[in-house]
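Student: Be aware that the sequence shown starts at 535, since it is given in the numbering used here, and climbs by one per residue.
Below is one structure. I have some questions about it.
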Amino acid sequence: MSDSAYRGRLAPTPSGFLHLGHLRTFRTAWERARAANGTLVLRIEDIDFERCRDEYVVAILKDLRDSGLDWSEGVEKGGPYGPYLQSQRMSFYRAALSRLVESGAVYPCSVSRKKIAESGLLARRKFDFMEPEYIFPPQFRVDFPGGDALSDIYSANWRFKVPDGESVKFSDNFFGDVSFTAGIDFGDFAVWRGGFGPMYELAVVVDDANMHISEVVRGADLLLSTARQILLYKALGLEVPEFYHCELLLGDDGRKLSKSTLPKNSPNIIRNRK
Ligand code: GLU
535 MSDSAYRGRL APTPSGFLHL GHLRTFRTAW ERARAANGTL VLRIEDIDFE RCRDEYVVAI
595 LKDLRDSGLD WSEGVEKGGP YGPYLQSQRM SFYRAALSRL VESGAVYPCS VSRKKIAESG
655 LLARRKFDFM EPEYIFPPQF RVDFPGGDAL SDIYSANWRF KVPDGESVKF SDNFFGDVSF
715 TAGIDFGDFA VWRGGFGPMY ELAVVVDDAN MHISEVVRGA DLLLSTARQI LLYKALGLEV
775 PEFYHCELLL GDDGRKLSKS TLPKNSPNII RNRK
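Dropping the structure here:
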């Protein structure tokens with residue numbers, strides 16, 4: 535057990551094999567926890583059960599170990615804040631959704647991605663490596679007063695209402711001062727998919743807070759997500775951790791590496807490791 539206050543985490547999503555970008559980020563997280571004599575937690579982010587597979591979990595654990603990375607809490611180790619598989623943490627996410635619904639921070643929304651794209655409202659891209667994305671058109675917002683107006687909140691889709699025009703600022707331990715403006719850089723975002731469960735933004739905030747993570751180390755492709763998550767921490771009355779966003783490893787075409795877009799023969803992907 536570590537007596538340092540530093541608590542970091544590795545949070546892979548088992549929807550594919552790891553690529554070098556993931557491993558570089560995980561190494562940085564591991565190094566920072568080690569340098570602080572802190573605790574490193576391994577949490578598997580497997581809420582997307584349509585894309586996540588057990589065989590990827592096995593491959594990811596092996597790749598982490600083969601890369602010389604270890605952790606002292608979480609999957610295979612246990613600890614005080616388990617379970618460490620998101621698929622087993624549904625009660626935490628449900629409790630968080632019910633608080634957001636109660637306070638009116640979210641509203642029920644079933645507008646399709648197609649309809650959002652059709653509106654053509656593009657978010658400003660503050661960094662070149664950011665993928666273009668659409669802003670949820672404010673005219674589709676639903677006036678939801680909060681409270682328990684819906685009997686079964688878990689079977690509806692919910693979207694977080696962002697404070698338009700407000701800057702979300704944070705001091706990143708790698709990038710320095712970062713600021714995004716709600717309504718310009720990002721819009722209302724989905725937090726719950728009816729019948730399935732939480733979206734990434736909600737699950738990760740609930741878990742990082744519940745696991746007392748003091749510094750979140752992740753790729754710079756998630757900078758904008760961090761801004762959304764800060765709004766969620768605040769809406770849920772949770773303490774915001776520190777952040778360290780790692781520079782992205784880019785492919786030969788200058789685009790960020792991704793599980794789904796990498797060319798088949800890219801040397802940067804770790805495929806089918808046994
Ligand atoms: N599970 C996410 C991923 O693999 C990372 C989440 C995070 O660092 O917040 O991309």
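Note that CB positions come from ideal geometry on N, CA and C, so glycine has one too.
(1) Suppose you measure from the CA of V676 to the CA of F670; what does that come to, to the nearest Å?
(2) Would you give the residue range spanned by the beta strand (DSSP E) that W692 belongs to?
(3) I'd like to confirm something about T547: is its beta-carbon nearer than 7 Å to some heavy atom of the ligand GLU, or not?
(4) In this structure, does DSSP put D742 in helix, strand or coil?
(5) Please state whether the Cβ-Cβ distance between R561 and I747 is less than 8 Å.
(6) Any heavy atom of the ligand GLU closer than 7 Å to the Cβ of L811?
(7) Confirm the yes/no value for this check: CB of R727, any heavy atom of the ligand GLU, distance under 7 Å.
(8) Among A593, A724, L784, T559, whose alpha-carbon lies nearest the alpha-carbon of L765?
(9) Between the C-alpha atoms of L574 and E607, what's the straight-line distance to the nearest angstrom?
(10) So, for S637: in the same chain, excluding its five sequence neighbours on each side, which residues have a beta-carbon less than 8 Å away from its beta-carbon?
(11) Could you tell me the distance, in whole angstroms, from the CA atom of A630 to the CA atom of V740?
(12) If you draw a straight line from the C-alpha of G602 to the C-alpha of E565, how long is it?
(13) Apart from the five residues just before and just after R577, which ones in its own chain have a Cβ nearer than 8 Å to its Cβ?
(14) Taking only runs of the beta strand (DSSP E) that begin and end inside the segment 583-609, which ones reach a length of at least 3 residues, in chain order?
Tutor: So, from the listed chains and residues:
(1) V676 and F670 have their C-alpha atoms some 12 Å from each other.
(2) Per DSSP, W692 belongs to the beta strand (DSSP E) from 692-694.
(3) Here the distance from the Cβ of T547 to the nearest heavy atom of the ligand GLU is below 7 Å.
(4) Helix.
(5) Cβ atoms of R561 and I747: not closer than 8 Å.
(6) The requested residue 811 is not part of the displayed model; the chain covers only 535 to 808.
(7) Taking 7 Å as the cut-off, the C-beta of R727 does not count as close to any heavy atom of the ligand GLU.
(8) Looking from the CA of L765, the closest CA among A593, A724, L784, T559 belongs to A724.
(9) L574 and E607: Cα-Cα distance of roughly 6 Å.
(10) Excluding sequence neighbours, S637 sits near G680, A769.
(11) Rounded to the nearest angstrom, the two C-alpha atoms are 7 Å apart.
(12) Straight across, the Cα-Cα distance linking G602 with E565 is about 11 Å.
(13) When the five nearest sequence neighbours on each side are left out, the beta carbons in the same chain lying within less than 8 Å of the beta carbon of R577 are those of R543, L544, A545, G608, V609, Y618, L619, Q620, D741, M745, in order along the chain.
(14) With a minimum length of 3 residues, no continuous beta strand (DSSP E) run stays inside the segment 583-609.
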